[in-house]
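A.B. asks:
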Amino acid sequence: VRSASWLDRKQIDDLNHSLPIGPDSILETVEYLQQTLEPIVTQLLKPSSDTEEYLSNNDPLIRQWLYLISLSTKSKRNDIVAWAPEFDLTGFVMAGKPGLLCLEGTLKNIDRYISKIKSISWSDVPSHQKKISIVLQEDIQNRIFSDITEITELFDMHGFRQNRPEMTQVRDWLTKQGLGYAFSTV
1 VRSASWLDRK QIDDLNHSLP IGPDSILETV EYLQQTLEPI VTQLLKPSSD
51 TEEYLSNNDP LIRQWLYLIS LSTKSKRNDI VAWAPEFDLT GFVMAGKPGL
101 LCLEGTLKNI DRYISKIKSI SWSDVPSHQK KISIVLQEDI QNRIFSDITE
151 ITELFDMHGF RQNRPEMTQV RDWLTKQGLG YAFSTV
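Residue numbers (this note's numbering): 1 to 186.
1) Would D88 be called buried (16 or more neighbouring beta carbons within 10 Å of its own) or exposed?
2) I'd like the list of long-range same chain contacts for V187, defined as Cβ closer than 8 Å, with 5 residues on each side in sequence excluded.
3) Can you check DSSP and say which residues form a bridge with L71?
4) Count the other C-beta atoms from every protein chain shown that fall within 10 angstroms of the C-beta of K10, then say buried if there are 16 or more, exposed otherwise.
5) Within the chosen definition, does the segment 140-155 reach the segment 96-108 through at least 3 CB pairs nearer than 8 Å?
6) Excluding the five sequence neighbours on either side, which residues of its own chain have a C-beta within less than 8 Å of the C-beta of R171, listed in chain order?
7) Suppose the cutoff is 7 Å on Cβ atoms and the five residues either side in sequence are ignored; what does the same chain contact list for Q34 look like?
8) DSSP state of G180, grouped into three classes?
9) What are the boundary residues of the alpha helix (DSSP H) that includes Q107?
10) Using the beta-carbon count (16 or more within 10 Å), is K116 buried or exposed?
11) To the nearest angstrom, how far is the alpha carbon of E28 from that of L174?
12) Determine the extent of the alpha helix (DSSP H) in which L15 is found, giving its start and end residues.
Printed below as a string of structure tokens:
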């Protein structure tokens, strides 16, 4: 094991020193890694003790629109949806090239959430590909969304790899949500 952002240096060294060695040990190594890493990953994914702080936070609400150069991997999109409630976030994610993430919540919760996504879910992604740009941030009084949803399947996809959403459909969907004004910005 070379590196994993969610393991410290000692954990990596201990893991490397305890790996089974030998010509017939590939399956044994995989099983060992699954057994050894499962409790660590489970602990990392468990809602932290800060969760109550996220939920009771009285900071002002914002809506943040984030642009991702590319977002295609289903498991990474699933993490984006699954981890949002821990940080009391709502909004939507749209896969594609570009990808779009709209989050409603407090700035502190959004920052912590993005940090967790980048360091755990995207730990296998090179840092230059983890670029997320804030294209619009606005103060809001009320949320439009009640949870976070993946909306990719709502749109026709085109392009060489079928990874570019039909933007007129995206514009129409945003308009129905009362967010049509944001289309030209995001």
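We put the CB at the ideal spot given by N, CA and C, even for glycine.
C.D. replies: According to the data block:
1) Here residue 88 refers to the residue found at position 88 when the sequence shown is read from its first residue. The residue is buried, with at least 16 neighbouring Cβ atoms inside 10 Å.
2) With the chain covering only 1 through 186, there is no way to say anything about residue 187.
3) For the purposes of this step, residue 71 is taken as the residue at position 71 of the sequence shown. L71 has G96 as its beta-bridge partners, per DSSP.
4) For the purposes of this step, residue 10 is identified with residue 10 of the sequence shown, where counting begins at 1. It is exposed - the Cβ of K10 has fewer than 16 other Cβ atoms within 10 Å.
5) yes
6) For the purposes of this step, residue 171 is taken as residue 171 along the sequence shown, with counting starting at 1. Answer for R171: G180 and F183, listed in chain order.
7) Within the sequence shown, residue 34 is the residue found at index 34, counting from 1. So no residue of the chain qualifies.
8) Working through the sequence shown from its first residue, we reach residue 180 at position 180. The answer is helix: DSSP assigns G180 an H, G or I state.
9) The residue given as residue 107 occupies position 107 in the sequence shown. For clarity, residue 107 is Leu in the given sequence; the question names Gln instead. Secondary structure note for L107: its alpha helix (DSSP H) is the uninterrupted segment L107 to K116.
10) Taking the first residue of the sequence shown as 1, we reach residue 116 at position 116. Flag for K116 reads buried.
11) Working through the sequence shown from its first residue, we reach residue 28 at position 28. Working through the sequence shown from its first residue, we reach residue 174 at position 174. The straight-line gap from Cα to Cα measures roughly 50 Å.
12) Here residue 15 is taken as the residue at index 15 of the sequence shown, counted from 1. From DSSP, the alpha helix (DSSP H) with L15 extends over R9 to S18.
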